[in-house]
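Structure record follows, encoded as structure tokens.
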Amino acid sequence: MVPRLAIAAPCAAALLLLVTGVAADRGDAVERIVTNDMRTPAGTLANGVLTLRLEVRDGAWYPDGPTGMMRPVAAFAEEGKAPQVPGPLVRVPVGTRVRITVRNGLDEPLHVFGLGQQRGLASDSFVVAPGAAREVTFDATAPGVYYYAGRTSQDPLLGRVGKDGQLNGAIVIDPPGARPNDRLFLMSWWFGLDSTAVSGLAPGGTFAINGLSWPHTERLHAAQGDELEWRWINLTDLPHPMHLHGFYFRVTGAGDGVAYRDIAPEARQLTVTEIVNPGATMAMRWKPDRAGNWIFHCHFAGHMTSMDGLNKDRRHPDDVGGSHGGNGASVHDQHFMAGLILGIEVARTGAPAAAAAASRPLRLFVRSKPRVYGPYAGYGYALGGTPEEGEAHAFTIPGPTLVLRRNEPVSVTIINQSHDKAAVHWHGIELESFTDGVPGFSGYGSSLLPAIPPGDSLTVRFTPPRAGTFMYHSHFNEFQQLGSGMYGAIVVLEPGQTYDPETDRILVVSDGGPILNVIQGPFPPTLLNGSVTPPPMALRAGTRYRLRVINIRTDFPADLAMLEGETPVTWRMIARDGADLPAGQQTVGPATLAFAPGQIYDFEFTPAKPGDLVLKVGYPALPFPVPAPSTVAVTVR
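Per our numbering, residue 14 is the first one in the sequence shown, and the count goes up by one each step.
Next up, the structure:
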């Protein structure tokens, strides 16, 4: 089954933002907080009992590195040590008696969650008065990944974004005899409001992984062939579709903070993008078999973009005298990557991959033009050899579908005719690092992929190793370029197979323009194959169709359904993120799908009888106004 998402949309959560205090440029007056890589358990474990003495103190937090902006927050600390973000790691074998004392060094009562007899955030574990201490004891009975948290305000626990937002820590209970070789990552956030900013957000807003924002997040190191196991905790009020470049992974366990379950090996699907919902935990495994630099990041573009990027001007230079930027800088100056991004450097243990002797050449033009979305610029792609090539500002939205073949090398020359720098990510394709598309990072050693300046070009080469559905999209200035048209589908066929668009239908879900103010909107309409009002779809009863469904929205998930009246028809899920599902993982069920940016699903659909259906796609149910869904009349003859 495709899971329904427990979604609090980015803008809904942003309406809850309450910040205690104002960030200062220096933190000299308060204790400096250190970041916790969560590799060292806290406390003393002896004779089956963990003894841990915690304190909560005010501190100065530097998620952008030691010289970056300071955020004043409260944080957990081991007694006698510096406060940490995340808080000290509680990690014990199953069956351990855990004895924890929490001392409140703040000026207000501290509510602590997750450290009592019950896990999770459902009810207060206990309250500690200012200056007081409280001891709790519990037995570690159920293996898994859990967490604890604190708050001093009345904000919802997952809505803490100011002073209380970093009062978080991980709890890991290992099964008997385990020899842990995993890594733990906790996602948190810090935001405030500013009605004068383009985005509606105050300076300093950020998402963090283990207390740091890209490019300051820990740089991970591995070697080809290593088996990597990562465990994730999401203590923000937003879902995060986490996307791995260049490789597939499998989710091996999941929880909600209260309970945790291992996923049976036969049920673990290959994926490149998995959603970690608010308050959820996830365990994953993957094996890098190619050397180079890779990233793992949230596919909501706003969650991997700096505040400068969120507040920049989205017009075309032709409209503003040839040079512009929301913060007074040229539009060409920055990539704006920040937030929920990890970098992984995989060392080479064998010979470099041999270059293909011959490859199929393609030319892909990157273009932009003014006033595509009201006063704001539009971006798009055009394919060499098509009528659009000869028209200076012509492009299609989505970009042209690239039909490739498994094991057939291609060389793609990317020609940047837009006003902005450009980079293309080949989403889901297993390829070499340099080609992956992250400027300034993709590559190996000193050979790193550059961003393509306006008027320049770059050729990348890859050989798709599997047939399936993939996509290509911008990996530069993503918050603007993705919302403004820089994406397209890739269909990789088996050798000798012919692509038939009559029975092989591509459904690309995207945004109809950039998002500006993430608090108040207005929010863009949902596009299906580039249109708010897609043309009718004609199908034949008894014919088997393959529906290749791609979500490349900027900052929102999407709901999609094929309905007969108000009732969903039935379809079969046959592939995910380009990987065919084995028979035991293929599911037949109602034709409804809730999915996030970066996710791709293939469904098999055979209309049973003539009649009229409706394909509907739009925003999920949200507590604020959003554009109506796009609907397509589907006639089955």
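Note that beta-carbon positions come from the ideal geometry of N, C-alpha and C, so glycine has one too.
As the structure is a computational prediction, the values presented were derived from the model and not from experiment.
A162 sits close to F126, with the two beta carbons spaced by under 7 Å. Contact between E92 and R66 holds, with the beta-carbon distance rounding to 4 Å and staying under 8 Å.
The C-alpha of A351 is placed about 27 Å away from the C-alpha of V385.
In this structure, DSSP gives A551 an extended state, which the three-state scheme calls strand.
L197 sits close to M51, with the two beta carbons spaced by under 7 Å. Every alpha helix (DSSP H) stretch that sits fully inside the segment 263-347 and reaches 4 residues is listed by chain position as 320-323.
When the Cα atoms are used, L495 and P254 turn out to be separated by approximately 16 Å. According to the DSSP assignment, Q493 belongs to the alpha helix (DSSP H) that extends over E491 to Q494. Distance from the CA atom of P610 to the CA atom of H316, rounded to whole angstroms, is 12 Å.
By the neighbour-count criterion, in which 16 or more other beta carbons inside 10 Å mark a residue as buried, S136 falls on the exposed side. Annotation for W227: no beta strand (DSSP E) segment contains it, and DSSP assigns it neither H nor E. As summarised for the segment 457-485, there are no continuous alpha helix (DSSP H) elements at least 4 residues long confined to that stretch. Annotation: the continuous beta strand (DSSP E) that includes V425 extends over V423 to N429. Nearest neighbour of V562 by Cα position, chosen from L541, Y160 and R479, turns out to be L541. When the beta-carbon positions are compared, L444 and P452 stay at least 7 Å from each other. Residue burial annotation: N429 is buried, with at least 16 other C-beta atoms found within 10 angstroms of its C-beta. R373 is not a Cβ neighbour of P508, given a cutoff of 7 Å. Counting every other CB atom within 10 Å of its CB across the protein chains shown gives G403 a total below 16, marking it as exposed. Rounded to the nearest whole angstrom, the CA to CA distance from A191 to H348 is 42 Å.
Nearest to G363 by C-alpha distance, out of C311, G597 and A304, is A304. In the structure shown, T511 falls within a coil segment according to DSSP collapsed to helix, strand and coil. Secondary structure of L628 (DSSP, three-state): strand.
A Cβ-Cβ separation of about 20 Å leaves N564 out of contact with Q598 under the 8 Å criterion.
With at least 16 other beta carbons inside 10 angstroms of its own, E491 counts as buried. A distance of 7 Å or more separates the beta carbons of V630 and V504. Note that the segment 408-426 touches the segment 388-398; at least 3 beta-carbon pairs, one per stretch, sit closer than 8 Å. Taken through DSSP and simplified to helix, strand or coil, S201 comes out as strand. V289 places its beta carbon less than 7 Å from that of W245.
Taken through DSSP and simplified to helix, strand or coil, Q97 comes out as strand.
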